[in-house]
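The structure under discussion appears below in the form of C-alpha cells.
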Amino acid sequence: MFEEGQYFAPLTKKGDGSVSVELSAGHPGLEDPTYRERRDRIATAAARWTSGDPPPLIDYTDAEHEVWRVVCEDLRDKHRHYACREYLDGKEAFGLPEDHVPQLAELSAALAPLTGFAYQPAAGLVPLREFYGALADHRFWATQYVRHHSVPLYTPEPDVLHEVVGHGNTLADTRFTQLYEAAGAAVRRVESDEALQFVSKVFWFTLEFGVVHEPDGLKAYGAGILSSPGEIEEFRQMTIRPLDLVEMGTTDYDITHYQEVLFAAGSFGQLQDVVGGFWDTCTDDSIEAMRLAA
Ligand code: NLE
Ligand code: FE2
C-alpha cells in the first residue's frame, strides 16, 4: 500500500489502453530499458483487467524468478527469528513457493478457504478510499512487478514481493484479516479527509510497519518490514514507542527510508483490542475528539 502523491510511480495511459510507468529520478531501473519495458507491460495488463476477473497471468522471466528466489532465501531464517507468531502461522498455512514468482490468481485461490481474501491487480497507485474500501470486501489491491535486481534487500515501492511475502502471509490468517477488514470498514465509515488520513496512518504504523513484544523479544508483524531483508535486520535498533492511536494517527513518516520510529504492541491481543477496536468503531467525530483530548 502506498500513500497518494508519494513515491509511487505515476502512470500515463495511451490511446490503445496501454500504460507507461514514469520512474522517478534515482530509481534503480531508470536507465534500464529492459526493466522499464517490463514495468510498462505488467502495468498494462493490470490496466486492462476487468473487475470480477482473476488477476492477469504474468510471464515472469528467469531474472525475475531469480530476484524472488534471492529474497525468499534471505528471508527464511530472518522470519524465523524476527517475525511474530501469527505471521509465521500464516506463512505455514499459505505455503508460498520460494523458487519462482507465484501468480496472484493462484494465490487468491489458495486464500479462499483460509480467509476468503482475494488479490486484485493494481497498475499503480490506488487511491486511498479504493484501496481500503476493497479490504472491507476481502479484496486486496496488489502490484505484480518485481523490484529491480540491483536492490533485492529494500525498495520503497510496493512490488509483488511486498504484496505477497509481506501481506500475503498475513492475509492467510484470520487474526490479521479481521484487522484488514476493520480498517476497510473504518475508511468506508469516515467522511473527512482528516479522518481518512488518521485511519491510514494508523494502518501504516501497524499493518505496514508494526512490531510486537513477544516473550523472547521484539518481533515484526508489519508487511513492509517482513518483505525487506534489509529492514528486518534493523528494526530493533529504531526508536520504539508504545502503541498510541493519536501518535500513530498524526505522526509523519518518510516512505523512502527504513522507518526510524516504530510503535510496539504489548501483545497481539493488545493490537486487536486497541487498533481493531478503534477501526471497528471510529467516526469523524470520535477521531476529532481523540485529537483534541491528546
Ligand atoms: N520496503 C519494503 C520492501 O523492500 O519490501 C516495501 C515497502 C512498501 C510499503
Ligand atoms: Fe503494503
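Here this note's numbering is used: the first residue of the sequence shown is 3, the next is one more, and so on.
For each residue, glycine too, the CB sits at the ideal point set by N, CA and C.
In terms of side-chain proximity, the C-beta atom of G168 is found nearer than 7 Å to a non-hydrogen atom of the ligand NLE. The set of residues with a C-beta under 5 Å from any non-hydrogen atom of the ligand NLE comprises Y156, T157, P160, H164, G226, S229 and S230, given in chain order. With respect to the C-alpha of H140, the residue from E159, D175, H151 and M292 having the closest C-alpha is D175. For E210, the shortest separation between its Cβ and any heavy atom of the ligand FE2 lies below 7 Å.
Distances from the alpha-carbon of H150 to those of V263, P35, L220 and A266 put P35 closest. DSSP places G212 outside both helix and strand once states are collapsed to three, so it counts as coil. Between the C-alpha atoms of A266 and Y260 there is a straight-line separation of about 16 Å.
Distance between L228 and A125, taken at the CA atoms: about 23 Å.
Counting C-beta pairs with one atom in each stretch, the stretch 214-224 and the stretch 194-203 have fewer than three that are closer than 8 Å, which means they do not touch.
For Q272, the enclosing alpha helix (DSSP H) has its first and last residue at F270 to L273. Within the stretch 101-183, the runs of alpha helix (DSSP H) that reach at least 4 residues and sit entirely inside it are, in chain order, 106-116 and 130-138. Judged by their CB atoms, A222 and F237 are nearer to each other than the 8 Å cut-off.
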